[in-house]
Amino acid sequence: MPTKNVTDASFQTDVLDSETPVLVDFWAEWCGPCKMIAPALEEIADELDGKVTIAKMDIMENPEIPGQIGVQSIPLMVLFKGGQPVAKKLGAAPKSQLKGWLESELG
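First residue of the sequence shown: 6, per the working numbering; consecutive thereafter.
The structure is reproduced here in structure tokens:
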């Protein structure tokens, strides 16, 4: 399944109310490292389909939720389970590291 775009308006439904864990990638168009990890996140979304939803939130278009969560640097990935943030990863990393971190957090 491809990554899913979420907005301030859809965050409650798409992330907090999701029965499946959701990894939210907070990013911006001007962020080079964000663009570097985007293809890896797309591949991970396919490989872990059914175990986790990978969502992307553009912090420039959607300032409300990142402000509430306290996003100060990007790329920032936050894993939500049962509507709660349970793990965070800041910065770009190779696909193998991102997938390994996510799988360890998913259990």
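Positions of the beta carbon are idealized from the N, C-alpha and C atoms, including for glycine.
Minimum length 3: unbroken beta strand (DSSP E) runs contained in the stretch 11-82
27-32 and 58-63
Looking at I59: is its Cβ nearer than 8 Å to the Cβ of F31?
Note that the C-beta distance between I59 and F31 is not below 8 Å.
Decide yes or no for the touch test of the stretch 44-51 against the stretch 63-79: beta carbon pairs closer than 8 Å, at least 3 of them.
No, because fewer than three Cβ pairs between the stretch 44-51 and the stretch 63-79 fall closer than 8 Å, the two stretches do not touch.
Within 8 Å, strictly: CB atoms of L84 and L28:
yes
K100 to P90, Cα distance in whole Å?
22 Å
Return the CA-CA distance between L111 and V20, expressed in angstroms with no decimal places.
15 Å
Closest to C36 by CA distance: which of N67, E52 and A97 is it?
A97
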